[in-house]
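S.K.: For the sequence shown, counting from 1, position 60 maps to 59 in numbering that gives the first Met the number 0; every step adds exactly one. Please find one structure pasted underneath; my questions will follow.
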Amino acid sequence: MSKEETGWPALPYRDWAETCTALDLWTQIVDKYRLAHTPWVNPSWHATLYVTPRGLTTGMVPDAKSAITLTFDFHDHALIGETADMRESFPLEAMSVADFLSRTTTLVERLGGRMDIHGAPKEISDAKPFAQDTVLRPYDRGAVERFHRALVQIDRVTAYTRSNQSRLRPSSTSE
0 MSKEETGWPA
10 LPYRDWAETC
20 TALDLWTQIV
30 DKYRLAHTPW
40 VNPSWHATLY
50 VTPRGLTTGM
60 VPDAKSAITL
70 TFDFHDHALI
80 GETADMRESF
90 PLEAMSVADF
100 LSRTTTLVER
110 LGGRMDIHGA
120 PKEISDAKPF
130 AQDTVLRPYD
140 RGAVERFHRA
150 LVQIDRVTAY
160 TRSNQSRLRP
170 SSTSE
């Protein structure tokens, strides 16, 4: 892999601002699904998305008769929903927030779950409820891939600072 593939990618905000906004709103929808179905863990750790080698995931969300996992796959550019017995997905592409909500709701329901979330974004002034946000949002695949590489690096840094170790060690190293 080249340095660009393994290091900190260039990601000038102005070049992907609209995709970043769309992704922020889409991840809020998925995060709110997790929040609605997961027992409280202080300090709100039950509501975070986790970095994976391919994107972001909710981890297992207890819903209906089983558990559902929702994963943003930033390599195949899809939102994937899984249970022990089923796997459903739809492509991540240019779409409105309302369309993303509708597709996600359909995906969760097909997996046997309930999409009973608070229907508006948080920490955004004058934000429209998700279902009313019908403006077409762009989806820049290259920028999303670079964003994911940055998330992987950020995850490495935060793991390092949590561990209080003096240097990063490869995950295969044990003491």
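Don't be surprised by glycine CBs; every beta carbon is placed ideally from N, CA and C.
Have a look at Pro120, Ile28, Ile79, Ala35 and flag the residue whose alpha-carbon is nearest the alpha-carbon of arginine 53.
M.R.: Ile79
S.K.: By how many angstroms is the C-alpha of arginine 155 removed from the C-alpha of glutamine 27?
M.R.: 23 Å
S.K.: When DSSP labels each residue in this structure, what does glutamate 3 get in the three-state scheme?
M.R.: Unreliable placement is indicated for glutamate 3, whose pLDDT of 48 sits below 50; no coordinate value is reported for it.
S.K.: Verify whether the separation of the beta carbon atoms of tryptophan 25 and valine 96 is less than 9 Å.
M.R.: yes
S.K.: Specify, as a first and last residue, the run of the beta strand (DSSP E) that alanine 9 falls within.
M.R.: Premise fails: alanine 9 is in no beta strand (DSSP E) and is neither H nor E.
S.K.: Sort Lys121, Gly112, Lys31, His147 by Cα distance to threonine 57 and report the nearest one.
M.R.: Lys31
S.K.: Valine 143 and threonine 20 look like a contact to me (Cβ under 8 Å); what is the Cβ gap, rounded to whole Å?
M.R.: About 12 Å; that fails the 8 Å criterion.
S.K.: For the 8 Å Cβ check, are there 3 or more pairs between the region 80 to 100 and the region 127 to 141?
M.R.: yes
S.K.: Could you compute how far the alpha carbon of threonine 82 sits from the alpha carbon of valine 60?
M.R.: 10 Å
S.K.: Alpha carbon to alpha carbon, how far is histidine 76 from glutamate 92? Give it in angstroms, no decimals.
M.R.: 8 Å
S.K.: Out of Gly141, Val29, Gly112, Thr47, point me to the one whose CA is closest to isoleucine 67's CA.
M.R.: Gly112
S.K.: Buried or exposed, going by whether 16 or more other CB atoms sit within 10 Å of the CB of arginine 136?
M.R.: buried
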